[in-house]
Every structure is written in C-alpha cells, then in structure tokens.
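Chemist:
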C-alpha cells in the first residue's frame, strides 16, 4: 500500500509540474499568446476568445482525467507488479505525448489563425537581434558553475565513508549512488547551458535587457545550484542511515524523497518568481521589442537553418532548453534520446513481465539440483545440502534485498537477514509449506502455487540425500 501511495504522489507531482509549465491558463504575455506573436488588439477577436476558451477547457479535462487514471493504475501494484509497471510506463508515455500534442496542436492552430488574419509582423526575418551592451556584460550575469565542485567533492567523500563499502553488494545501494550522480550531471549541465546561452533582447533599452537577462540567469543558476546541494543533502541522508542502521527505514526513505520533492518545488517556485519579476520589469518598458520569429516555431519546436546554435531557450518554458531541429545534431540528439528512453521502458516492462509470468521450479537431474527462475536461477549438487526441511513460514525478522525484487505477491532473488544470513528467495506470498534448503554459502527458500509441489520437491531431495549418504540434519516432514 505504501508503495502504491508513493507512486500516486509521484504521478500527482509530475502532473502538477506539467500543468504548471504547459497546461496552465494561457494569457497574453510578451506580445505572445500560446507562443505566437499577435498584436494586443487581437485578444478581443471573437475567434481568438473562443479558441482560448476551448483550449483552456480541453487542458483542464486532460489533466483532471490523468490524475484519476494514474491514481487507479498505482493500485494495480497490490495485485501484479508487472501489470502495474507496464501500464504505468504506457500512461507516462501517453501523458507526455498527450500534453505536448495538446500544446503543439493549438499552437499551430493559433499560428494558422495569425497567418489567415494577416498578423504577420516580421515572420520571415533572418536577422538575429543582439544588444552589444548586454553581451559585453554577459560574463557577470550568472553564478559560476564552479560552485558545483564542492558537491562533487563531498559526494565522492561520502561514497568512501568507512562502513559504506559493505553495502555496495546491495543492488539498491547502487540505485541511490546512480541517482546522486545523474542528478549532479543534470543540474551541472543545465547550469552550464544557462550560463552559455545567448542573451535575449526584449527592448530597445539596454538597461531593461540587462535587468531581465541578469534576473533570468541568476535565478536559474541559483535554482540549479540549490538543486545540486539538495541532491547532496539527500545522498548524505542515504549514507548516514545505511551506515548507522545498515539500511534505510521508512522514515529515512520519506526524508530522502521529501528532499528531492523540495527540489522540484524549488524549481517551480523559481519559475513563478522569475515570471512575476520579469513581468514587473517589462511592464515599465516604454520601448518593447518583439522579434517575430514564429515561422521557426510554427510546429511547436524550433527549426531555423539560419541559426547555428544547437541549444535555444524553449518558447513555452523559459526554464527549458530545446534543440534546433534544423541542425543534424539537433535531430540526432532528440531522436536518439527518445529512442534510448523508449528502449529502456520496453526492456523494463519486459523484465517485470518475465518475472511475474515465468514459472519457477526445482528440478533434479542426477546429482545436480536446479532452481529455475527468471534472472535468479541457481544450481548445486546434492552433496552440498547440509539440511532440508519444510516450514510453514519464513524466519522471523526483516530481510534486506541485495539483488532481487519484493512486492505484495512475491520475494525473488538475493536477500540477507540479520540472523538468517545470506538467502535465496523464490517465494510466493501467502503460500505454504516452504521448502528450506541449507547450503554452505546460503539458504534457499522456495514454495509453489501448486498444491503438493513443495512436498514433492522435499521428498525427492530427502531421498537423494539418503541415497548419497550426504550429511544432513533433516527432520521429519511438517505436513
């Protein structure tokens, strides 16, 4: 249940971010509506008013429906994890595609309406406007990316804290390390792009341009810096609790997730603060400059063969940067990223479906015993068995998953108990009896959903142990 609620919260957070950035009620700002430059008087046009009302209504229904659908999908985790993760990936794919389709389609409709009404402006211009005074001051605008280096140094030091090395055998530990590393690279790269992106011209007044560009770059560079230091704080929580308790408990995990959630909220807060302050500055401008480059954005993405830049500020969200699709590198980067993410999602779904749907069993061939299961098969010789018995339940205490999976239906893979030691679990929850096989290096627990199958495995192994005169301490069956 906790896992389902956690994913429901993550889904809600994703939807809120998308809605805040792409789905909020559209207003006329910086001479644009829905990313299309139109004159201010066009906002009074009946067709524009009807179009805007229709767009806002569809957006509201789209995001409300996705809150309901995503929440319902999360509770599939209570039944089959593979079904949940497959449907969740499909939902995430359709949600992201749907959000961009809704935005890009109406952006193109707005652009076509502009062309039809003759609100063309300078749409065919090949001129890039540059304010040389602002460009000369560009190096002084943002915070330096070198402020990320203390995060890298501290994170590296935490990775080598005494006592942390023994936890590296746990696959889950590597996930937290990878999260820290990937988040560090994300924030560092975003900061680097923010610092290097060309300053934008908003006005014929250089002071206004300097104010706005300084505001944008300082706010975003501070957001990326704050995000990385929060990332370090979350990683420190992981290290502290894993060293002190040998693993993260529920409260530690909540603390870890809360810190990362705060990062997302900080990004949103930074965007809203920037939007408010930017509007405040531009409202004082009596010489605004609107460069009509809509022809390069007409399909929702940037495609300008006359612009040599690879990265440009996104038209719909100033915190984002998008690629210039008129450049081969832009196409390769965008299509390649989508392809890699798609392959990873398909692989992940296939892996969990295989785990849930592939039968697991114990098979004896001569003196060799094989426990077959997806990704976690093992084999051993009969003479390695120290003890075999049927038990009604797993030993008392908690188990730490070192390389495997555990959900409401099953426990599969490598686990470790404080008293039980190294374990190999092939367990369907709520099924008994359980066959316990004690080996020199670890203990195997396996059961079956088929009635009588675990007892049959027990009899086979017991008979082979007797025939081979293997050392054992087997007790009589418990059924």
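Numbering (UniProt numbering), first residue to last: 1 to 479.
Note that beta-carbon positions come from the ideal geometry of N, C-alpha and C, so glycine has one too.
Predicted model, so just to flag it, every value in this text is computed and none were measured.
1) Starting from the C-beta of residue 356, find all residues in its chain whose C-beta is less than 7 Å away, skip the five residues before and the five after it, and write them out in chain order.
2) Taking the alpha-carbon positions, what's the residue 12 to residue 263 distance?
3) Name the DSSP beta bridge partners of residue 159, please?
4) Just verifying my parser: in three-state terms, what is the DSSP assignment at residue 399?
5) Do you know how far the Cα of residue 232 is from the Cα of residue 180?
6) Tell me residue 424's beta-bridge partners as DSSP assigns them.
7) Among 85, 151, 197, 117, which residue has its Cα nearest to the Cα of residue 314?
8) Identify the residues that DSSP records as bridge partners of residue 322: which are they?
9) Excluding five sequence neighbours on each side, which residues of the same chain lie with their C-beta closer than 8 Å to the C-beta of residue 307?
10) Could you name the residues of the same chain whose beta carbon sits closer than 7 Å to that of residue 66, not counting the 5 residues immediately before and after it, in chain order?
11) With 16 as the cutoff for other CB atoms within 10 Å, does residue 407 come out buried or exposed?
12) With DSSP collapsed to three states, give me the class of residue 432.
13) Could you check whether residue 203 and residue 285 sit closer than 8 Å to each other, using their CB atoms as the reference points?
14) For the region 427-444 against the region 452-460, are there 3 or more C-beta pairs whose distance is under 8 Å?
15) For residue 143 versus residue 222, is the C-beta distance shorter than 8 Å?
16) Tell me whether the region 31-39 and the region 102-119 touch, counting them as touching only if at least three CB pairs, one residue from each stretch, are closer than 8 Å.
17) Give the range of the alpha helix (DSSP H) segment to which residue 29 is assigned.
18) Are residue 86 and residue 349 close, meaning C-beta to C-beta below 8 Å?
19) Could you spell out the range, first to last residue, of the alpha helix (DSSP H) harbouring residue 116?
20) What's the C-alpha gap between residue 305 and residue 334?
21) What residue range is occupied by the uninterrupted alpha helix (DSSP H) comprising residue 356?
22) On a CA-only basis, which of 7, 102, 360 is nearest residue 428? Give me that one, please.
23) Mapping the DSSP letters down to three states, classify residue 452 as helix, strand or coil.
24) List the whole-angstrom C-beta distance separating residue 91 from residue 73, where the pair is believed to meet the contact cut-off of C-beta under 8 Å.
25) Looking only at its own chain, which residues have a Cβ that is under 8 Å from the Cβ of residue 395, when we skip the five neighbours before and after it?
26) Does the separation of the CB atoms of residue 369 and residue 379 fall below 8 Å?
27) Kindly give me the distance between the Cβ atoms of residue 374 and residue 354, rounded to whole angstroms, as I take these residues to be in contact under 8 Å.
28) Pick helix, strand or coil for residue 372, following the three-state DSSP scheme.
29) Between the Cα of residue 47 and those of 7, 97, 9, 114, spot the shortest distance and give me the residue it belongs to.
30) Take the Cβ of residue 401 as the centre, count every other Cβ of all protein chains shown within 10 Å, and call the residue buried at 16 or more, exposed below.
Modeler: This is what the structure gives:
1) Counting from 1 along the chain shown, the entry for residue 356 is found at position 356. The residues are 80, 81, 82.
2) Start at 1 with the first residue of the chain shown, and residue 12 comes out as number 12. Start at 1 with the first residue of the chain shown, and residue 263 comes out as number 263. Cα to Cα, residue 12 sits roughly 15 Å from residue 263.
3) By 1-based counting over the chain shown, the position of residue 159 is 159. Residue 159 pairs with nothing; no bridge assigned.
4) Taking the first residue of the chain shown as position 1, residue 399 is located at position 399. Note: residue 399 maps to strand in three-state DSSP.
5) Counting from one through the chain shown, the residue named residue 180 turns up at place 180. Counting from one through the chain shown, the residue named residue 232 turns up at place 232. Taking the straight line joining both Cα atoms gives about 7 Å.
6) In the chain shown, residue 424 corresponds to position 424, counting from 1. Looking at the DSSP assignment, residue 424 forms a beta bridge with 414, 444.
7) The sequence position of residue 314 within the chain shown is 314, counting from 1. Here the closest residue by C-alpha is 197.
8) Position 322 of the chain shown holds residue 322. Per DSSP, 312.
9) Against the chain shown, residue 307 aligns to sequence position 307. Closer than 8 Å at the Cβ level, and outside the excluded window around residue 307, lie 128, 296, 324, 326.
10) Mapped onto the chain shown, residue 66 falls at position 66. Result list for residue 66: 15, 95, in chain order.
11) In the chain shown, the residue the question calls residue 407 occupies position 407. The residue is buried, with at least 16 neighbouring Cβ atoms inside 10 Å.
12) Taking the chain shown and counting its residues from 1, one reaches residue 432 at position 432. It is coil, neither helix nor strand.
13) If you number the chain shown from 1, residue 285 lands on position 285. If you number the chain shown from 1, residue 203 lands on position 203. In this structure, residue 203 lies closer than 8 Å to residue 285 by Cβ.
14) yes
15) Residue 143 sits at position 143 when you count from the first residue of the chain shown. Residue 222 sits at position 222 when you count from the first residue of the chain shown. Yes; because the gap between Cβ atoms is below 8 Å, this pair is in contact.
16) yes
17) Within the chain shown, numbered from 1, the residue matching residue 29 stands at position 29. Looking at the DSSP string, residue 29 is not in any alpha helix (DSSP H), and its letter there is neither H nor E.
18) Here residue 86 corresponds to residue number 86 of the chain shown, with the count starting at 1. Here residue 349 corresponds to residue number 349 of the chain shown, with the count starting at 1. For residue 86 and residue 349, yes; Cβs fall inside 8 Å.
19) Indexing the chain shown from 1 puts residue 116 at position 116. Per DSSP, residue 116 belongs to the alpha helix (DSSP H) from 81-117.
20) Numbered from its first residue, the chain shown carries residue 305 at position 305. Numbered from its first residue, the chain shown carries residue 334 at position 334. If I take the Cα positions, the gap works out to 16 Å.
21) On the chain shown, position 356 is the one that residue 356 refers to. Element bounds for residue 356: 328-357.
22) Within the chain shown, numbered from 1, the residue matching residue 428 stands at position 428. It is 360 whose Cα lies nearest to the Cα of residue 428.
23) Within the chain shown, numbered from 1, the residue matching residue 452 stands at position 452. Coil at residue 452, not helix or strand.
24) Along the chain shown, one-based indexing puts residue 91 at 91. Along the chain shown, one-based indexing puts residue 73 at 73. Indeed they touch by this definition, with Cβ atoms about 6 Å apart.
25) Here residue 395 refers to the residue found at position 395 of the chain shown. Within the same chain, residue 395 has close Cβ partners 417, 419, 420.
26) The residue you call residue 369 lines up with position 369 of the chain shown. The residue you call residue 379 lines up with position 379 of the chain shown. In contact: residue 369 and residue 379 (Cβ atoms closer than 8 Å).
27) To locate residue 374, count along the chain shown from 1; it is residue 374. To locate residue 354, count along the chain shown from 1; it is residue 354. Contact holds; Cβ gap of about 5 Å.
28) Stepping through the chain shown from its first residue, residue 372 is reached at position 372. Here residue 372 sits in strand by DSSP.
29) Stepping through the chain shown from its first residue, residue 47 is reached at position 47. Nearest of 7, 97, 9, 114 to residue 47, Cα basis: 114.
30) Here residue 401 corresponds to residue number 401 of the chain shown, with the count starting at 1. Residue 401 should be labelled buried.
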